[in-house]
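Worksheet: the structure to be examined is printed underneath.
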């Protein structure tokens, strides 16, 4: 009963001794009692039955006759009364004085402290949850109800005999199911549909005639985009009720089926009338702060305000602001949006689309962020752009929300992000005029007028300093080209330097050599505004500004910046923070920095113009690549101690970070993934090509986890292409290995993966790169295994084992041994498959290889399952599952759950198999490829058939068959057999 709350101290009645620990009792499981942490002996089953009968009366007296009837029913023993008295006497000796009392010829349990009985605590929490739900606080209601349900510990009154215990067991189990249904109902109201499917599948298997559970499962499946399965649940339920009870489903279930058939839009939203203040009714307020010294633009403010005010009653109001960089589009849009906030009471969304950079934000990524901001659970957010856009419009329906889309690339990027519903509005800023954005109100924003520019300058610097030097001030704003961003930078620097006069600043700006091409049009005009700030930097600041701008990627960490600048961490942080003060650099998060996209372009122009000697530009990027190479190599080794890969990588001339904890190493790798891959891409050129491919190879976890597999693949393809052009066979071989590896894990492109592996092996021989050849053979064997080319797979793995052994690469040898075990398993040699997997796993354990050891246990679990040693197989797979979860390897976590589902089927546990398969299906969404998806669907269908949900099973099998037919996979024949009517019998 560790889940029960502690109660205040209790004293024995009439005692002045030290307080004794309180008594606690449990009936929602075995009947047990504790004094503090001490477990008390409750005696024989009949004695526990007496205690349970008294506890469940909650202090009321039970007569001797009632107790005899509770323990023995209609056939009590001849000495029943004496036995009851004996049991009571024994309990008194164990319990505190005054707890079990005699009263009116019977007995009662009294003087218990608050929270002493688990069923009482459960009742209190259930009441609290009901109140919270009525008040609209679903999050708290779910949390409290989950705590109440956690008090059940197996079978209620386990092992307690007698008719009273039997009736209470039924009552309390029914109450548990009602609470569980209430919690699941709230799960669906909060959008946790995908998570609920797995639990509901298991529950409907355990309680097949409980229609409310079936109804919730249908709704969860429908909201998860699985309409056919939802309808199949109804068909299974109707057949089961007719066969078992001779009745039809209740009206509520029939109505739900009809609404699903009609694709009723009301099913897409929670049916509860209560709003969820923290989740379902989130009112985002994402607008950046408006500047306190906003100046001018009166006509534009009025024009845009009128458009936004007209949004009510219109399908949607869209205004698109266009103009050169630095002209003040964002400032104006944010100012107008703040003024219009009262017209959009349901919230305001904001995003910087980064349209001026090389890699603009993807609409699906932005939609995911918007949906989360609007209260949509992660599990309810679909994968595709079209589905996300449709859900986004649905969520906004009936709300009045303003969306500010800043720095857009083009109309194509913007269209999916527009609300499209009455009462909502969108403000868009971009460097291009969006003439192809249908229905948009277009605004061309030009530079400020001289009067507005001077007014802005004066508000920042101060009236007193400008009044005496008006002409000089006019010279300053003219030199700024009347661009607001340039004026703000210049005025801010002057305001920060009290010893400067306006004339001093004007004189500095008058030097045309300090500006780019006399404020030319387009981006050059934007660069000229940045020249004002850049020219005032100290030498160390200017060098940092130039060199940091060279690196690709959306941001940069402090440690990576230190490598670029060749400074220690403290000095690097000082110079970067000083650049943040000048507004030339932004602090994206603690320890991370970024340039505005236009500032980055300007910084690069400065580096090309000013950095001396010019070789320093290449040296800076080389240090960054070396930093990543050294750090990633260390991360690889901390996950795979003893692995020989790092010894075969290029040597890094610059040190990297060192981690003592594998979790910290993982955190770094995943946090740094995007800038790391950007650095590799940028380094795909002569002089750095070999180091680039080695960083990619050592960062293989990024591909295997599925997190960054698409970008990983794109970078590998680029490296291979450049290596081919330059004739670098070693780099080409390693890039091909990387491609083969990612192909086998991502989109089920097995033929392509096989060709890449063969090419890598050929190139490795030519380049005399034995480790690459080992990897190529190992991957080639895996692909052969997947394609049922078992003889080829045997040859591949045998070669890999011998080659790894010759190199002294024990982790590689262990990997190939475990893979060879899979071939033996596929060819019916179960005993040798177990031995090979045990040998490989033991090698991993000897090297303290947690992650790869999990791969070994995965293979061993498969072999043990096929050999019928199911308990051992379960332990192996559960151990592997824990490691994969801890390592954030979604692909392997999902595949291990899939294997556990297969094992459950072998052990005749179809309900548990269905739960495991459902969770696997959810985890593998978007990763692992169609082939794996089809395999999981096949097993899920078998599990569903095992629990009587044949209609849903057939939906799964038909979907799996479509996948296998499209891939030309051999598994299609087995699925066709399952779909044949004779297979059901």
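Residue numbers (my numbering): 229 to 1213. Ideal placement from N, C-alpha and C gives every residue a C-beta, glycine not left out. The structure displayed is predicted, hence computed values, not measured ones.
How is residue i classed by DSSP in three states: helix, strand or coil?
i            : result
residue 575  : coil
residue 936  : coil
residue 474  : coil
residue 882  : coil
residue 1089 : helix
residue 343  : coil
residue 900  : coil
residue 658  : strand
residue 409  : helix
residue 547  : strand
residue 820  : strand
residue 669  : strand
residue 1016 : coil
residue 631  : strand
residue 263  : strand
residue 1203 : helix
residue 814  : strand
residue 1175 : coil
residue 927  : coil
residue 568  : coil
residue 1099 : helix
residue 793  : helix
residue 602  : coil
residue 363  : coil
residue 961  : helix
residue 676  : coil
Using only CA atoms, which one of the options lies nearest to residue i?
i            : options                  : result
residue 390  : 1049, 279 and 588        : 279
residue 791  : 1036, 880 and 489        : 880
residue 1033 : 998, 1163 and 688        : 998
residue 298  : 270, 317, 363 and 388    : 388
residue 441  : 454, 481 and 640         : 481
residue 528  : 565, 493, 513 and 516    : 565
residue 1076 : 1154, 1111, 264 and 1020 : 1111
residue 925  : 1181, 865, 1159 and 953  : 865
residue 869  : 1081, 947 and 474        : 1081
Which whole-angstrom value is the C-beta distance of residue i and residue j, which I expect to be below 8 Å?
i           : j           : result
residue 558 : residue 519 : 10 Å between Cβ atoms; not a contact.
residue 336 : residue 290 : 7 Å
residue 580 : residue 635 : 5 Å
residue 961 : residue 991 : 4 Å
Is it buried or exposed, residue i, if we count other Cβ atoms within 10 angstroms and call 16 or more buried?
i            : result
residue 959  : buried
residue 326  : exposed
residue 903  : buried
residue 930  : buried
residue 573  : exposed
residue 830  : buried
residue 1093 : buried
residue 808  : exposed
residue 725  : exposed
residue 896  : buried
residue 871  : buried
residue 1016 : exposed
residue 1053 : buried
In terms of DSSP beta bridges, what is residue i paired with?
i           : result
residue 337 : 328
residue 528 : Bridge partners of residue 528: none, in fact.
residue 611 : Paired residues: none, contrary to the question.
residue 580 : 634
residue 258 : 386
residue 978 : Answer by DSSP bridge pairing: none, since residue 978 is not bridged.
residue 170 : Missing from the structure shown is residue 170; the chain here goes from 229 to 1213 and no further.
residue 784 : 821
residue 253 : 261 and 345
residue 268 : 261
residue 653 : 545 and 630
residue 513 : 576
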